[in-house]
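Numbering (the numbering used here), first residue to last: 3 to 205. Every residue gets a Cβ at the ideal spot worked out from N, C-alpha and C, and that includes glycine. Remarks on the structure that follows.
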């Protein structure tokens, strides 16, 4: 939805009034997937950090079917939020998704068309991911500097996996921050496009 459909609707210059059912349904699904993906990413970040810092604890928490059961929580959370809040809606005027169906015509920053759950969720994503990775980086630096033997050093595969999660988290945090900001003030087209690309790059 955030790639192919955004591109097609953007090339058509579509706005909510042109395809209300398609855009509303896609916005609901897209918002649900955003909630699920970013919540699951917090679990992934915790998992990756534990894998490096305490593999036994990571194994105890995430072994076997426990991983599947842990991912059910973000899925249920995402469905509940998407069914109980307003969806994001596409506008070809800015080639992006907004909560206000009239953005560009009748701007309504933070008044009627505002999704509080989305803002709270995205704020938690930004600060949650930052807290996890700052804590992890400090602990990893302490651990790496305190052991001289190679048996306690993270492997290249562990470091690369960690970097992958950090990069994905960076793009998710960037998209979350821009989408929070977009709900409250008018921003430049370049920042709107940056938010859309960050959303794309995270997937």
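Nearest-angstrom Cα distance between residue 5 and residue 74?
25 angstroms
Straight-line CA distance for residue 91 to residue 50?
Per the coordinates, the alpha-carbon of residue 91 lies some 34 angstroms from the alpha-carbon of residue 50.
For residue 198, I'd like the list of residues in its chain whose CB is within less than 6 angstroms of its CB, leaving aside the five on either flank, ordered along the chain.
Result list for residue 198: 98, in chain order.
Once the 5 residues before and after residue 183 are set aside, which same chain residues still bring their CB inside 7 angstroms of it?
189
Proximity below 7 angstroms, CB of residue 30 to CB of residue 89:
yes
Chain-order list of residues whose beta-carbon lies under 7 angstroms from that of residue 11 (same chain, five-residue window excluded):
92, 94
For residue 100, write down the residues that DSSP places opposite it in a beta bridge.
The partner list for residue 100 (beta bridge, DSSP) reads 91.
Rounding to the nearest angstrom, what Cα-Cα distance links residue 119 and residue 22 in this structure?
Taking the straight line joining both Cα atoms gives about 22 angstroms.
Within its chain, find whatever has a CB closer than 6 angstroms to the CB of residue 110; leave out the 5 residues flanking it on each side and keep chain order.
Around residue 110: 102.
Can you give me the C-alpha to C-alpha distance between residue 20 and residue 14, rounded to a whole angstrom?
10 angstroms
Given a threshold of 16 other Cβ atoms within 10 Å of its Cβ, counted over all protein chains shown, does residue 107 qualify as buried or as exposed?
exposed
Just confirm the distance between the C-beta atoms of residue 134 and residue 47, as a whole number of angstroms; I'd bet it's less than 8 angstroms.
With a Cβ gap of about 5 angstroms, residue 134 and residue 47 count as contacting.
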